[in-house]
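Asks: Questions regarding the structure given below will be posed in turn.
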Amino acid sequence: MADSVYKIIELVGTSTESWEKAAANAVARASQSLRELRIAEVSELDMQLEDGKVVAYRAKVKVSFKYEGGS
1 MADSVYKIIE LVGTSTESWE KAAANAVARA SQSLRELRIA EVSELDMQLE DGKVVAYRAK
61 VKVSFKYEGG S
């Protein structure tokens, strides 16, 4: 296996249904503009509240992808 370098970015996905869907939304969106996604790590979960009720689930996700930048 050749040596490689990976870049990590942090995203926040949201969903009105679950944390799993919030995390999946973040990865799905990242895959639209980034190539060779490798790992997604959920680093934090929280909820958006209104009037004491949950209105959205939020997942902070660290996504890594192969770095192809110049020298």
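FYI, our numbering numbers position 54 of the sequence shown as 54, with every residue one higher than the one before it. Think of the CB as a built atom: it goes at the ideal place given N, C-alpha and C, for glycine as much as any other residue. In this text, all values refer to a predicted model and were calculated from it rather than measured experimentally.
From the DSSP output, in three-state form, read off S43 for me.
Replies: Reading the sequence shown from its first residue, position 43 is the one you call residue 43. DSSP places S43 in strand when its eight states are reduced to three.
Asks: Let me check understanding here. Comparing Cα to Cα, which of S43, L11, D46 and V55 lies closest to N25?
Replies: Here residue 25 refers to the residue found at position 25 of the sequence shown. Among S43, L11, D46 and V55, the Cα nearest to that of N25 is on L11.
Asks: For E10, report the span of its alpha helix (DSSP H) as first-last.
Replies: Stepping through the sequence shown from its first residue, residue 10 is reached at position 10. Note, E10: premise wrong, no alpha helix (DSSP H); beta strand (DSSP E) at Y6 to S15.
Asks: In whole angstroms, what is the alpha-carbon distance linking D46 and K21?
Replies: If you number the sequence shown from 1, residue 46 lands on position 46. If you number the sequence shown from 1, residue 21 lands on position 21. Distance between the alpha carbons of D46 and K21: 13 Å.
Asks: Which of the three DSSP states, helix, strand or coil, is assigned to R58?
Replies: As a working note, residue 58 is residue 58 in the sequence shown. Residue state, collapsed to three classes: strand.
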